[in-house]
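**Student:** Got a structure for you, written out below as structure tokens; questions coming shortly.
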Amino acid sequence: MIGTATALLAGVAGLFVTAVAAVLLARRAATTRLIYSAALGLSLFLLAIVGRHLLIQPPAVSVLTLPVGLPWIGAHFRIDSLAAFFLVVVNLGGAAASLYGLGYGRHEPAPHRVLPFYPAFLAGMNLVVLADDAFTFLLSWEFMSLTSWALVVVHHRVADNTRAAYVYLVMASFGTLTLLLAFGLLAGPEGGYAFDAIRAAAHPPPLAALVLGLMLVGAGSKAGLVPLHVWLPLAHPAAPSHVSALMSGVMTKVAIYGFIRIVFDLLNAPSWWSSMVVLALGGATALLGVLYALMQHDLKRLLAYHTVENIGIIFIGLGLTLAFQANDMGWAAALAMTAALFHVLNHSLFKSLLFFGAGAVLTATGERNMEHLGGLIHRLRYTAVAFLIGCAAISALPPLNGFVSEWLTFQAILQSPQLPQWGLKFLVPAVGALLALSAALAAACFVKAFGVTFLGRPRSPAAAEAKEVDRLSLAAMFVLAALCMLAGVLPGLVIDALAPVTDALLAARMPAQASQSWLTIVPIASGQSSYSGALVLVFIVVSASLMAVAIHRFASRRLRRAPAWGCGFPDVGPQAQYTASSFAQPIRRVFGTLVFQARETVEMPPPGDNSPARFEVSVRDLIWDGLYAPVANSVDFAARHLNRLQFLTIRRYLSMVFAALVTLLLVLAIWP
Amino acid sequence: MIIDLLVQGGQMALVLALAPLLTGVVRKVKARLLRRRGAPVLQPYRDLFRLLRKEAVIAENASWLFRVTPYLVFATTWVAAALVPTFATGLMFSWTADLIALIALLASARFFLALAGMDIGTAFGGIGSSREMMIASLAEPAMLLIVFTLALVAGSTQLSTIAGYMMSPAVGLRVSLGLALIALIMVAIAENARIPVDNPSTHLELTMVHEAMVLEYSGRHLAMIEFAASLKLLLYVSLIACLFAPWGLTVSGGGLAAYALGAVTYLAKLLVAGGMLALFETSIAKMRVFRVSDFLGAALMLGLLATLLLFVSRSL
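Going down the list, the protein sequences come from chains A and B.
For what it's worth, our numbering labels the leading residue of the first sequence as 8, then goes sequentially.
For what it's worth, our numbering labels the leading residue of the second sequence as 3, then goes sequentially.
Next comes the structure, spelled out in structure tokens:
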């Protein structure tokens with residue numbers, strides 16, 4: 008039998024071959040179908056291999072060293088329980104996106120710019136998770152960034168896309184730079200770049216803190232942690248929709264994987280105060296992400312900002328894990344980490360689903376701007392159902408999956424009064440409040456997203472004449488919607504599957520859920536808290552159908568269609584509906600005046616004047632204005648002034664070389 | 003086992019039977035306080051039956067979601083109401099959903115109702131949905147922080163366990179519970195669209211929140227939604243009663259007399275709560291919509307303060 012690592016690398020190699028084939032066959036008509044079928048097949052193959060690996064009891068570790076990469080080190084690959092979980096997330100997302108691409112890719116105006124990079128992007132994400140030494144990890148990470156960058160610039164003639172790609176490239180290079188420094192510190196002067204060597208070495212606390220900080224910047228910028236999130240809402244929507252789904256649903260999770268791998272596996276010496284940084288960043292990210300999302304009226308950008316919120320929720324779970332781990336509360340740490348990883352899986356499912364839905368809307372109407380949509384529930388009947396399930400899941404409504412992971416996070420927060428440190432005692436309840444606020448705002452955000460896009464009356468001819476998308480795209484959406492339902496109704500299975508991961512990283516696990524009756528999950532003890540998604544679903548279905556039967560048996564069944572009530576005014580048309588911005592107005596008034604400096608100006612013409620009234624809203628991005636704009640401006644300033652150096656005479660260049668030499672020698676001489 | 007099942011079934015039927023009565027009592031007391039005679043206490047039942055007999059008129063472009071929502075809203079509210087101990091603790095299925103899940107169930111109901119408000123595509127539905135979600139975005143976190151407080155005091159998020167703990171002498175007087183009670187009452191007022199946050203009996207579209215959202219409903223659909231609103235009011239009253247006035251609650255295994263006593267005290271609690279709500283509503287004016295955020299922000303802060311106190315010391 009071939010080892011798991013070998014089989015997985017063979018699958019990844021297959022993806023590379025597909026990428027090369029896409030270059031060679033670029034001009035053929037059938038290439039699109041061929042490439043996406045191959046990517047789908049290979050993703051399913053990788054999924055099957057990981058599945059086989061997960062079934063081995065006790066959990067095994069499979070390693071492989073290839074004689075490529077740095078000389079006398081080689082390229083190390085390894086699959087353990089953590090890598091296996093993330094491989095499932097990556098390849099599940101990859102398979103769904105490929106299935107969706109089979110249908111959606113047909114509408115792509117420039118397929119030869121997408122097809123070579125798509126399988127390569129999938130391969131890159133797989134390789135990051137498989138890598139077992141610093142060099143392979145960084146190389147795969149950079150490869151993943153570059154291929155996704157290439158996919159962001161596919162539609163490079165669309166306004167703003169090149170800017171998005173530029174910002175993404177700068178942030179990605181910056182992130183890799185900090186990762187490079189982190190690995191340099193971990194490897195130490197001896198240069199032990201293999202993860203085994205790093206794991207075995209002792210890391211003094213100051214160094215561990217520095218590495219954690221660098222990881223927060225490096226992995227955090229890729230995942231979208233505030234304030235490093237700015238590239239994400241620009242770049243994710245710019246790519247074709249199935250790639251947006253992969254970037255938002257899967258690539259951010261690969262970044263989370265990097266963080267977990269280094270902080271919990273390689274470093275493994277967290278001090279309690281480092282958890283405060285992670286918790287505070289997570290809480291701020293969750294709240295700001297959802298507030299930003301509420302201000303958007305571009306459907307894909309709204310979804311991208313909402314990814315930021317979910318990353319915040321995951322980091323809250325990870326911060327709690329760090330806090331519990333530093334205080335030797337293994338059971339609580341296992342609970343918090345299970346919550347975070349469960350949310351990783353959930354978010355990859357429903358965010359991919361929602362991006363597919365946004366892609367379907369884009370195909371059907373050519374619009375991403377919600378202000379031009381509306382009434383699509385009548386035109387895209389099936390897409391609307393799948394999108395609604397995704398909206399309900401991401402808004403953490405029971406009995407869907409998003410609720411389970413948030414519930415577990417709340418349960419973990421309720422364990423934290425036992426933490427001895429005062430800083431944590433004050434911070435954790437505040438973070439809990441932020442989490443609760445962002446959960447409630449997320450529901451508002453998705454009422455807006457679904458309500459404005461799919462409900463009401465069409466606001467443009469394009470929306471009025473939309474046609475349902477093809478069956479393959481629908482199949483991809485319904486598979487993910489079914490998985491959202493399944494993970495919500497049978498959360499015990501997921502929790503049990505995560506137990507080996509927490510076992511390996513924290514030497515603790517949540518109690519086994521399979522033995523609980525009625526598919527209930529019990530995170531700590533049965534008297535404390537329990538939840539049964541299956542029973543909640545059964546209760547809702549039974550009581551709704553009981554009522555429906557009773558109503559149809561005893562009440563009047565007559566139904567009449569009539570015009571909507573307009574206070575006696577004649578119908579003023581669909582333009583009088585609530586728009587995306589007007590839906591968000593109360594929340595903008597309550598939260599936005601502080602966070603975004605939102606200002607509204609109304610210009611009313613005097614009575615008798617027929618000129619239209621004007622209403623303007625200005626929203627500022629304080630993080631961009633306060634953090635990025637100064638940096639960009641100073642770089643601009645320096646570039647403008649240093650540009651003079653380009654046009655000097657030879658004599659001046661020579662004198663400058665001479666001066667530099669003298670200065671260097673002087674420094675060397677004075678250096679103690 | 004049989005008795006537990008009976009108690010659970012009885013509870014489900016009881017909340018259905020009593021919910022319109024509570025609404026009727028509140029309306030009656032309010033009318034009497036305004037020196038009107040008021041409609042009979044049983045009027046809400048008659049209203050429901052009248053609505054059920056009428057034909058449903060729905061807007062021309064209403065989608066399937068509009069027609070499904072009343073059933074979903076009613077079902078989720080009913081399930082939530084059936085899980086709150088009314089006259090007895092130790093409900094058979096109380097472990098299915100704890101307090102956090104209960105709040106999330108109510109959030110589901112609101113989610114679908116807000117969507118239904120946007121389905122027709124008139125400005126009224128939109129204004130109602132948008133304001134309802136703004137109110138919910140503050141009321142829900144405040145409620146969660148209250149749950150945190152209760153869970154930290156009782157060491158459990160399960161309603162039956164918390165109610166049991168509240169009945170035990172171990173509780174004592176606590177600052178955190180006092181703050182939580184005030185916050186819970188504020189949240190309950192907002193969640194049930196009562197004055198000063200919203201006015202359940204207003205007929206001016208621009209001042210409505212909840213009523214604007216359901217403006218397009220009629221006939222049996224409206225009956226479901228009105229019924230769900232009464233159920234929600236009953237749920238919050240039962241919640242406050244079983245948490246902060248748990249006297250007379252029958253613990254599981256009590257005899258028939260105990261259950262009868264529990265039912266009688268529960269009825270008394272409902273009457274008192276309905277009277278107090280009516281008194282409060284008549285003595286205060288409705289506030290502007292953008293003052294609601296201050297009101298609920300105060301509830302949020304009280305909840306946070308209560309939770310913080312418990313993080314500082316478990317005995318506060």
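Even for Gly, the Cβ is constructed at its ideal location relative to N, Cα and C.
Just so we're clear, the structure is a prediction, and the values are computed from it rather than from any experiment.
For A/PRO118 and A/THR169, which I take to be in contact (beta-carbon distance under 8 angstroms), what is that distance rounded to the nearest angstrom?
**Tutor:** Actually they do not touch by this definition, with Cβ atoms about 20 angstroms apart.
**Student:** Just to confirm my understanding: we take B/SER131, look at its own chain, exclude 5 residues before and 5 after, and list those with CB closer than 6 angstroms. What are they?
**Tutor:** Taken in chain order, the residues that qualify are ALA116, GLY119, MET120, MET215.
**Student:** Can you give the beta carbon distance from A/ALA252 to A/PHE363, rounded, assuming they're within the 8 angstroms contact cut?
**Tutor:** 6 angstroms between Cβ atoms; contact.
**Student:** Using a Cβ cut-off of 9 angstroms (strictly closer), state whether B/THR204 contacts chain A.
**Tutor:** Not an interface residue.
**Student:** What residue from B/GLY157, B/PHE126, B/LEU233 has the CA that sits closest to A/CYS574's CA?
**Tutor:** Ranking B/GLY157, B/PHE126, B/LEU233 by Cα distance to A/CYS574 puts B/PHE126 first.
**Student:** Closest to A/VAL597 by CA distance: which of B/LEU140, B/VAL266, B/LEU263, B/SER232 is it?
**Tutor:** The option with the nearest alpha carbon to A/VAL597 is B/LEU140.
**Student:** Determine, using beta carbons only, whether A/HIS249 and A/GLY131 come nearer to each other than 9 angstroms.
**Tutor:** For A/HIS249 and A/GLY131, no; Cβs fall outside 9 angstroms.
**Student:** Check whether the region 77-84 of chain A touches the region 127-145 of chain A, taking contact to mean three or more Cβ pairs, one atom from each stretch, closer than 8 angstroms.
**Tutor:** As far as the Cβ criterion goes, the region 77-84 of chain A touches the region 127-145 of chain A, which means the pair count is three or higher.
**Student:** 9 angstroms is my cut-off, CB to CB: does B/MET136 come that close to chain A?
**Tutor:** Yes - at least one Cβ of chain A is within 9 angstroms of the one on B/MET136.
**Student:** Using DSSP with H/G/I as helix, E/B as strand and the rest coil, what is A/PHE202?
**Tutor:** Three-state result, A/PHE202: helix.
**Student:** Measuring alpha carbon to alpha carbon, tell me which of A/PHE590, A/LEU544, A/VAL135 ends up nearest B/LEU74.
**Tutor:** It is A/LEU544 whose Cα lies nearest to the Cα of B/LEU74.
**Student:** Considering only their Cβ atoms, is the gap separating A/MET554 from B/ALA109 smaller than 9 angstroms?
**Tutor:** Contact flag unset, no.
**Student:** Considering only their Cβ atoms, is the gap separating A/GLY110 from A/LEU481 smaller than 9 angstroms?
**Tutor:** Contact: yes.
**Student:** To be precise: take each residue of the region 538-558 of chain A, compare its Cβ to all Cβ atoms of chain B, and keep it if any distance is under 7 angstroms. Which residues remain?
**Tutor:** Taking 7 angstroms as the Cβ-Cβ cut-off against chain B, the residues of the region 538-558 of chain A that qualify are TYR538, SER539, LEU542, VAL543, PHE546, ILE547, SER550, ALA551, MET554, ALA555, ILE558.
**Student:** If the criterion is Cβ atoms closer than 9 angstroms, does the pair A/LEU342 and A/LEU434 meet it?
**Tutor:** The answer is no: Cβ separation not under 9 angstroms.
**Student:** Measure the C-alpha to C-alpha separation of B/TYR339 and B/LEU273 and round it to an integer number of angstroms.
**Tutor:** Absent from the model: residue 339 of chain B. The displayed extent of chain B is 3 to 318, so no value can be given.
**Student:** Flag this pair as yes or no: are the beta carbons of A/LEU49 and A/LEU129 separated by less than 9 angstroms?
**Tutor:** Their beta carbons are under 9 angstroms apart, which means A/LEU49 touches A/LEU129 by this criterion.
**Student:** Please confirm whether A/GLY382 has its beta-carbon closer than 9 angstroms to some beta-carbon of chain B.
**Tutor:** Closer than 9 angstroms to some Cβ of chain B, the Cβ of A/GLY382 qualifies, so yes.
**Student:** Can you round the beta-carbon distance between A/ASN2 and A/ALA494 to whole angstroms, since I take them to be within the 8 angstroms contact cut?
**Tutor:** An answer regarding residue 2 of chain A cannot be provided, because it is not within the stretch 8 to 679 covered by chain A.
**Student:** One question on the structure: do A/LEU380 and A/THR314 come within less than 9 angstroms of each other, judged by their Cβ atoms?
**Tutor:** For A/LEU380 and A/THR314, no; Cβs fall outside 9 angstroms.
**Student:** Per DSSP, A/ASP305 forms a beta bridge with which residues?
**Tutor:** A/ASP305 is bridged to A/ASN376.
**Student:** In this structure, how does DSSP classify B/GLU57 when only helix, strand and coil are distinguished?
**Tutor:** Note: B/GLU57 maps to coil in three-state DSSP.
**Student:** Between the Cα of A/PRO727 and the Cα atoms of A/LEU629, A/LEU542, A/PHE561, which residue gives the shortest distance?
**Tutor:** Outside the shown range of chain A, which is 8 to 679, sits residue 727 of chain A, and nothing can be said about it.
**Student:** Between which two residues does the alpha helix (DSSP H) containing A/VAL95 stretch?
**Tutor:** It spans 88-111 - the alpha helix (DSSP H) in which A/VAL95 sits, taken as one unbroken run.
**Student:** Quick check on A/HIS60: does DSSP put it in helix, strand or coil?
**Tutor:** Three-state result, A/HIS60: helix.
**Student:** Taking 6 angstroms as the limit between beta carbons, can you name the residues of its chain near A/SER69, skipping five residues before and five after?
**Tutor:** Once the five neighbours on either side are set aside, the close Cβ partners of A/SER69 are GLY10, THR11, ALA12, ILE86.
**Student:** Does the beta carbon of A/VAL368 come closer than 9 angstroms to any beta carbon on chain B?
**Tutor:** It does not; no Cβ of chain B falls within 9 angstroms.
**Student:** Pull up the CB-CB distance for A/SER402 and A/ALA450, whole angstroms please, since I reckon it's below 8 angstroms.
**Tutor:** Yes, they are in contact, since the Cβ atoms of A/SER402 and A/ALA450 sit about 4 angstroms apart, within 8 angstroms.
**Student:** If you draw a straight line from the alpha carbon of B/GLY11 to that of A/LEU566, how long is it in whole angstroms?
**Tutor:** Whole-angstrom Cα-Cα distance: 33 angstroms.
**Student:** Contact between the region 27-35 of chain A and the region 60-74 of chain A is defined here as three or more beta-carbon pairs at a separation below 8 angstroms; is this criterion met?
**Tutor:** Contact fails: fewer than three Cβ-Cβ distances are below 8 angstroms.
**Student:** So what's A/ARG567 in DSSP terms, helix, strand or just coil?
**Tutor:** Strand, per DSSP.
**Student:** Under 7 angstroms, CB to CB, which of the residues in the region 51-65 of chain B have a partner in chain A?
**Tutor:** Within the region 51-65 of chain B, the residues whose Cβ lies closer than 7 angstroms to some Cβ of chain A are LEU54, ARG55, LYS56, GLU57, ALA58, VAL59, ILE60, ALA61, GLU62, ASN63, SER65, listed in chain order.
**Student:** Please give the ranges of any alpha helix (DSSP H) in the region 206-246 of chain B, keeping only runs that are unbroken, at least 4 residues long and fully inside the region.
**Tutor:** Here the runs fully enclosed are 212-215, 221-246.
**Student:** What are the residues in the region 172-193 of chain B lying within 9 angstroms of chain A by C-beta distance?
**Tutor:** Residues: none.
**Student:** Measure the beta-carbon distance from B/ILE137 to B/VAL189 and round it to whole angstroms, keeping in mind my assumption that it falls under 8 angstroms.
**Tutor:** Their Cβ separation, rounded to whole angstroms, is 10 angstroms, which puts B/ILE137 and B/VAL189 out of contact at 8 angstroms.
**Student:** Who are the near neighbours of A/ASP578 in its chain, counting only those whose CB is closer than 7 angstroms to its CB and skipping five residues on each side?
**Tutor:** The residues are PRO570.
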